[in-house]
Amino acid sequence: MKVLVIDDDTDARTMVRHLLESEGVETEEAESATLAAPLLKEKTYDVVLLDLQMPGVSWMDAVRTVRSLAPDSAVVVLSAHADWDVFFDAVKEGARDVVMKPFRAAELLRVIRHATETAAG
Amino acid sequence: MSPTHTIVREFLKAVKDPNTYLPWKNLHLIFGFLWGLPIPIFALAIHCAVEKTPPSAATVIRCFQDLPLHYFFLAHPFLFAFLFGAMGTVRHSKDREIRELLQEREEKVRQLAAANQLLREMDGVRNDFLANVSHDLKTPLVSISGYAEMIQTGRLGVITLKQRDASTVILRNVEALLGMINDLLDLARLRCRKVPMKKETFLLESAVEDCRAEFEPRIREKGIAFLSLLPPGLEVRGDRRKIVRIFDNLISNATKFCGEGGMIRITADPPRDGRIRVRVSDNGCGIPEHLRHGLFERFWRGDISGNQREKGTGLGLSIAREIVEMHEGTIEVESRVGEGSDFRFDLPAAEPAAVEQRKGMAV
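These protein sequence lines are chains A and B, in that order.
With the working numbering, you'll find the first sequence wraps up at 183, consecutive numbering, no jumps.
With the working numbering, you'll find the second sequence wraps up at 572, consecutive numbering, no jumps.
See below:
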């Protein structure tokens, strides 16, 4: 399984990579959806973990960018926002699942597994 | 002040006004003069008609000589000019006053609109600020809790028992901090009434049961008797999730206050005047009088239980009060040190028609 983590917080990004690697998942990182574009064009990922920043146009664009560049990847949205509207909108834009930050390891792993299973199904 | 007095006062004021007799400023004066002009002419004409003399300069001079009253008639245009001029001035000054008042009013309306706009902008800024603060406070917690959990579960290598305990402490405190951030955000949102309030009709018992499940382990651990003595079928109308939150906070406090083998009682009176009075009482340590003041204020925290592990954010009761107030109710507490605390609040009762209807359907 291959996962791409897009998050502007380096520490959180690295943490997720360490977590996934400890589970034997091949993981790559990118700081933003824009910076992830070349990676998404070049390779295929099973799951793209996308951190949502402040609500507004930018994050909607981020979900769209990832969806258009990697239509076969399952997009899982992560956010520290308490506002569920953000998540609902993300799902409307084509995100497969959402995870509220901070999360427990088990929760993230479960969501990733679920996302790949539904993608395969 | 009588109307006559007012008229005289205004008239005198107008007479004193230096602008009163400036014809170019006051057309009323010319109008008054012209209005008064026919009086001496009519008087002379009548005089001539009565005397049966043809109107000529000589006759007119004789008229004046015969009847000095004609001088008074001759003064009429001036008298009228004076009167109308003064009236015009009164009107002029009144108009000016009204114009000034209107301008003042317009200016105030403009200021209010500007202030309103500013408030709206500030509200937007505050909401953005709240969202930002909560986001930014939670962001560092992501890495902290993530790594702590990875250490704890041995994902980053074998750890000693002491390290495992330490990471458990880290995680527990992260949870506490997260709870505080969420409470703070909730309270701020409730305060600015940002959250919409749902209106649902539901059984009060069900809300209590929801909380009970959460506290069950703690209650059992401390051997506390939990008595939910609500009248069966008691329905309230309000935001279910928020009302659950009230019970959540009060039961959480009661659990903290109660010692081993304590008791928590939840009771309610039947609806009266569309309200239901609910009581959550415990026989715990009670709240000393000096701490009871400002109990429902934000950030209040009296260290009652003296138990470090059981301290909260100090926001629970403020949140409870906000929610009760959202439902147009009040919350208060009675407490005696060593005997326990008794929290009372009221909620809107479900409309009787709705209850009857549901009962009918059930039958």
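Ideal placement from N, C-alpha and C gives every residue a C-beta, glycine not left out.
Which whole-angstrom value is the C-beta distance of P440 (chain B) and A477 (chain B), which I expect to be below 8 Å?
In the second sequence, counting from the first residue as 1, residue 440 (chain B) sits at position 231. In the second sequence, counting from the first residue as 1, residue 477 (chain B) sits at position 268. So it is a contact: roughly 6 Å between Cβ atoms.
Look at R158 (chain A) and V138 (chain A) and say whether their C-beta atoms are less than 8 Å apart.
Here residue 158 (chain A) refers to the residue found at position 96 of the first sequence. Here residue 138 (chain A) refers to the residue found at position 76 of the first sequence. The answer is yes: Cβ separation under 8 Å.
For R421 (chain B) versus F411 (chain B), is the C-beta distance shorter than 8 Å?
Along the second sequence, one-based indexing puts residue 421 (chain B) at 212. Along the second sequence, one-based indexing puts residue 411 (chain B) at 202. No, the pair does not count as a contact, with Cβ atoms beyond the cut-off.
Other residues of its chain near P164 (chain A): CB distance less than 6 Å, five sequence neighbours each side excluded:
Indexing the first sequence from 1 puts residue 164 (chain A) at position 102. Excluding positions up to five away in sequence, the list is empty.
With distance defined between alpha-carbon atoms, name the residue in B:I250, B:I368, B:L500 nearest to R545 (chain B).
If you number the second sequence from 1, residue 545 (chain B) lands on position 336. Selection B:I250, B:I368, B:L500 evaluated against R545 (chain B) yields B:L500 as nearest (Cα-Cα).
Using 8 Å for Cβ pairs, my map puts R449 (chain B) next to E498 (chain B). What's the rounded Cβ distance?
Counting from one through the second sequence, the residue named residue 449 (chain B) turns up at place 240. Counting from one through the second sequence, the residue named residue 498 (chain B) turns up at place 289. Incorrect: roughly 35 Å between the Cβ atoms, too far for contact.
At least one CB of chain B closer than 8 Å to the CB of G183 (chain A): is that the case?
By one-based count along the first sequence, residue 183 (chain A) stands at place 121. Note that G183 (chain A) scores 47 on pLDDT, short of 50, meaning its location in the model is unreliable; the coordinates nonetheless yield the value given after this. So, not an interface residue.
Use the C-beta contact count for C467 (chain B): other C-beta atoms within 10 angstroms, 16 or more gives buried, fewer gives exposed.
If you number the second sequence from 1, residue 467 (chain B) lands on position 258. Label assigned to C467 (chain B): buried.
Neighbour-count burial assignment, V78 (chain A), 16 or more Cβ in a 10 Å radius:
Residue numbering aside, residue 78 (chain A) sits at position 16 when the first sequence is read from its first letter. Counting C-beta atoms within 10 angstroms of its own C-beta, V78 (chain A) has 16 or more neighbours from the protein chains shown and is therefore classed as buried.
If I measure Cβ to Cβ from F287 (chain B) and keep anything under 8 Å in the same chain, skipping five residues before and after, which residues do I get?
Counting from one through the second sequence, the residue named residue 287 (chain B) turns up at place 78. Residues F242, G245 of the same chain have their beta carbon placed closer than 8 Å to that of F287 (chain B), with the five preceding and five following residues left out of the count.
Quick check: is the beta carbon of L81 (chain A) nearer than 8 Å to any beta carbon in chain B?
By one-based count along the first sequence, residue 81 (chain A) stands at place 19. Yes, its Cβ sits closer than 8 Å to a Cβ of chain B.
Measure the alpha-carbon distance for L253 (chain B) versus F293 (chain B) and round it to whole angstroms.
As a first step, residue 253 (chain B) is located in the second sequence; it is residue number 44 there, counting from the start. As a first step, residue 293 (chain B) is located in the second sequence; it is residue number 84 there, counting from the start. Approximately 24 Å, taken between the alpha carbons.
Helix, strand or coil for K407 (chain B)? Go by DSSP, reduced to three states.
Residue mapping note: residue 407 (chain B) aligns to position 198 of the second sequence, counting from 1. Three-state DSSP puts K407 (chain B) in coil, outside helix and strand.
May I ask you to report which of helix, strand or coil DSSP gives I496 (chain B)?
On the second sequence, residue 496 (chain B) is found 287 positions in, with the first residue counted as 1. Of the three classes helix, strand and coil, the one that applies to I496 (chain B) here is coil, per DSSP.
Pull up the CB-CB distance for I360 (chain B) and S376 (chain B), whole angstroms please, since I reckon it's below 8 Å.
Numbered from its first residue, the second sequence carries residue 360 (chain B) at position 151. Numbered from its first residue, the second sequence carries residue 376 (chain B) at position 167. Indeed, because the Cβ distance is near 5 Å, the residues count as touching under 8 Å.
Pull up the distance between the alpha-carbon of Y193 (chain A) and that of R364 (chain B), whole angstroms please.
Because chain A here runs from 63 to 183, residue 193 (chain A) falls outside it and cannot be looked at.
Are the region 308-320 of chain B and the region 262-275 of chain B touching, with three or more C-beta to C-beta distances below 8 Å?
Contact between the region 308-320 of chain B and the region 262-275 of chain B is not established, with fewer than three Cβ pairs separated by less than 8 Å.
Please report the distance separating the alpha-carbon of T127 (chain A) from that of M406 (chain B).
The count along the first sequence starts at 1 and reaches residue 127 (chain A) at position 65. The count along the second sequence starts at 1 and reaches residue 406 (chain B) at position 197. As the crow flies, the alpha-carbon of T127 (chain A) is around 36 Å from that of M406 (chain B).
My understanding is that R488 (chain B) touches T464 (chain B), with C-beta atoms under 8 Å, so please give their C-beta distance in whole angstroms.
Position 279 of the second sequence, counting from 1, holds the residue named residue 488 (chain B). Position 255 of the second sequence, counting from 1, holds the residue named residue 464 (chain B). So it is not a contact: roughly 16 Å between Cβ atoms.
Once you ignore the five residues that flank M472 (chain B) on each side, which residues in its own chain have a CB closer than 6 Å to its CB?
As a working mapping, residue 472 (chain B) is identified with position 263 in the second sequence. Excluding five sequence positions before and after M472 (chain B), the CB atoms of its chain that fall closer than 6 Å to its own CB belong to A434, N492, given in chain order.
Any C-beta of chain A within less than 9 Å: which residues of the region 346-359 of chain B qualify?
In summary, the residues of the region 346-359 of chain B whose CB is separated from some CB of chain A by less than 9 Å are L346, K347, T348, P349, L350, V351, S352, I353, S354, G355, Y356, E358, M359, in the order they occur in the chain.
Got a sec? Which residues, its chain only, sit under 6 Å from A397 (chain B) by beta carbon, not counting five neighbours each side?
Sequence index remark: in the second sequence, residue 397 (chain B) carries index 188 (1-based). Annotation for A397 (chain B): L339 place their beta carbon closer than 6 Å to its own, counting only its chain and skipping 5 residues before and after.
At a CB distance below 8 Å, what residues from the region 385-417 of chain B approach chain A? Give them in sequence order.
Listed in sequence order: L387, N391, L394.
Any C-beta of chain A sitting closer than 8 Å to the C-beta of F364 (chain B)?
As a position in the second sequence, residue 364 (chain B) is number 155, starting the count at 1. A quick correction: the sequence has Arg, not Phe, at residue 364 (chain B). True, the Cβ-Cβ gap to chain A drops below 8 Å.
Closer than 8 Å by beta-carbon distance: list the chain B residues that pair up with M77 (chain A), in chain order.
Taking the first sequence and counting its residues from 1, one reaches residue 77 (chain A) at position 15. Here the neighbours are V351, S352, G355, Y356, M359.
Which residues in chain A sit within 8 Å of H502 (chain B), going by Cβ to Cβ distance?
Here residue 502 (chain B) refers to the residue found at position 293 when the second sequence is read from its first residue. By Cβ distance, chain A contributes nothing, its closest Cβ being about 32 Å from H502 (chain B), past 8 Å.
K451 (chain B): which of B:V533, B:H279, B:F291, B:F552 sits nearest, CA to CA?
What you label residue 451 (chain B) is simply residue 242 of the second sequence in a count that begins at 1. Comparing Cα-Cα distances from K451 (chain B) to each of B:V533, B:H279, B:F291, B:F552, the minimum goes to B:V533.
D73 (chain A) touches chain B at which residues, Cβ-Cβ below 7 Å?
Here residue 73 (chain A) corresponds to residue number 11 of the first sequence, with the count starting at 1. Think of a sphere of 7 Å around the beta carbon of D73 (chain A): the chain B residues whose beta carbon falls inside it are S352, in chain order.
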